[in-house]
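Chains as they are written, first to last, in our numbering: chain A, 76 to 333; chain B, 38 to 296. Remarks on the structure that follows.
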């Protein structure tokens, strides 16, 4: 990336994060919803860990922490997609395109925003989870592996949402960005390990790439041996696929004049 | 009901029905979203029915109650947003110039939402039974379930109406939706109170009015007739209505005075 493109990406990233942290209507829901989901799942469903065959080595709080971490990271990406749609709806996107010699730098800037939002949520969520008794069996390298998977999910969801936002250039496309991510994240081993799933969800989860990511992240946090190649392969594959989707969306936005 | 109200309310009700029917973007998610969550939770948490002392015959029969209550949440968002649009577009201002009664205005707006609630209730029941849920109270139970569904939608719809009159914009009303979702999650939605291990969560769930509504709905699906559970469910719906109907009328009065 050239120095000029780096400068554009950093400017877009700074602007997005500045807007995010200065607007309580964006910060508060972003912070509260993962914490609420975590409280509801870890607090209300902990008896599920007594089901015969539930073999996760740490407590149910840890089990649900991983799911909420991945979910919240993905939604950090989706909500950054909302910001892209708003920018292009209001004409800011068009002006940014005029100022950026390499327009891919704009996407890189939004990726910085998404990652910054995810980092903020990770800190809050991890602090709460540790405060309420989350057990951590993995070491520093394992945890780094888990957070890296969460970051890949964050960027993948951003690229998906950016592709939609750049094609529609309107906030009205919000449900289209949000609903598929919500569904695909839930069609995975959310409440119980994969082996305890039944019916159509088990079939769907077995071909859902998010399943590999969540299961590996749970192995990381508990210190068990994770299927690293499958998880990172699935995450990187999704990122590349949706990265191309976002770049094509960028080309469509350019063709439409922003 | 006065002769004037007999003329006014059906006109507003007809408008409300037509408006609801013409908004697939409102109707389709109100039916599909609860069904999707039902399908995901029924399969994802199916193993929970293996816990000792789990009260329902299977998890599907336990979780099938949830869509019936989610219909109420969609009533808040849908009805509130419709009314907020009337306020923002100036339609309410024009109505205020007519001799329309306040109560007529509030109740007439409910027709579309109640009709949608009935459709939702029937669809949720048919799909729940097709998926394999137990339903022990037969046809009388179906009738009671649909009446309870109307009571739930009416009560929650009044929250949407009161909020729309109070705030006057759709964005603020939509903001209530996640807040009400919190009430849903912090209840016996996913697990019976006796099987909730965290004391703080169990305490909230046991006193959450939403849990009483779940008890009433579930009593129709398994365990035979339970007048106490049904009284609790109808009682909560009546209490919400008793609180929010006067609030809605008061907020409407204040808005009309401002107009």
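Note that CB positions come from ideal geometry on N, CA and C, so glycine has one too. Since the model is a prediction, treat every value here as computed from it, not as a measurement.
Given a length threshold of 4 residues, each whole run of the alpha helix (DSSP H) inside the stretch 88-124 of chain A is given here in chain order: 99-119. Residue state for residue 205/B is assigned as coil, using DSSP reduced to three classes. Using a Cβ-Cβ cut-off of 7 Å, residue 121/A is close to 234, 235 of chain B, given in chain order.
By the C-beta density criterion, residue 219/A is exposed, having fewer than 16 other C-beta atoms within 10 angstroms.
By the C-beta criterion, the stretch 264-276 of chain B is judged to be in contact with the stretch 241-255 of chain B, since at least 3 inter-stretch pairs fall below 8 Å.
Between residue 257/B and the set 275/B, 178/B, 278/B, 162/B, the nearest pair of CA atoms involves 178/B. Contact between the stretch 188-202 of chain B and the stretch 277-293 of chain B is present: three or more C-beta pairs spanning the two stretches fall below 8 Å. One thing to note: residue 93/B has its Cβ within 7 Å of the Cβ of residue 259/B.
Excluding five sequence positions before and after residue 276/A, the CB atoms of its chain that fall closer than 7 Å to its own CB belong to 262, given in chain order. In the three-state reduction of the DSSP assignment, residue 158/B falls in the helix class. The C-alpha of residue 190/B lies about 18 Å from the C-alpha of residue 245/B. DSSP, reduced to helix, strand and coil, places residue 228/B outside both helices and strands of the structure shown, so it counts as coil. Here residue 229/A is not near residue 105/A, since their CB atoms are 7 Å or more apart. Close to residue 111/A, with beta-carbon spacing below 8 Å, are these residues of chain B in chain order: 219, 222. A residue is called buried when at least 16 other Cβ atoms come within 10 angstroms of its Cβ; residue 104/B meets this threshold and is buried. In this structure residue 137/B touches residue 45/B by the C-beta definition: roughly 5 Å separates them, less than 8 Å. The beta-carbon of residue 261/A is placed less than 7 Å from the nearest beta-carbon of chain B. For residue 208/A, same chain residues with a beta-carbon under 6 Å away, outside a window of 5 residues either side, are 136 in chain order.
For residue 110/A, the CB contacts under 7 Å within the same chain, skipping 5 residues up- and downstream, are 199, 200, 203 in chain order.
In summary, residue 121/A is buried, with 16 or more beta-carbon neighbours lying within 10 Å of its beta-carbon over all protein chains present. For residue 272/A, the closest C-alpha among the options 183/A, 123/A, 77/A is that of 123/A. Against residue 88/B, the close residues of chain A are 122, 125, 126, in the order they occur along the chain (beta-carbon pairs closer than 7 Å). Taking a Cβ-Cβ threshold of 9 Å, the residues of chain B close to residue 267/A are 81, 82, 83, 84, 85, in chain order. Collapsing the DSSP output to three states places residue 72/B in a helix. Chain-ordered, the chain B residues with CB closer than 7 Å to the CB of residue 276/A read 77, 80, 81. Listed along the chain, the chain A residues whose CB falls inside 7 Å of the CB of residue 238/B are 118, 119. Annotated three-state conformation of residue 196/B is helix, per DSSP.
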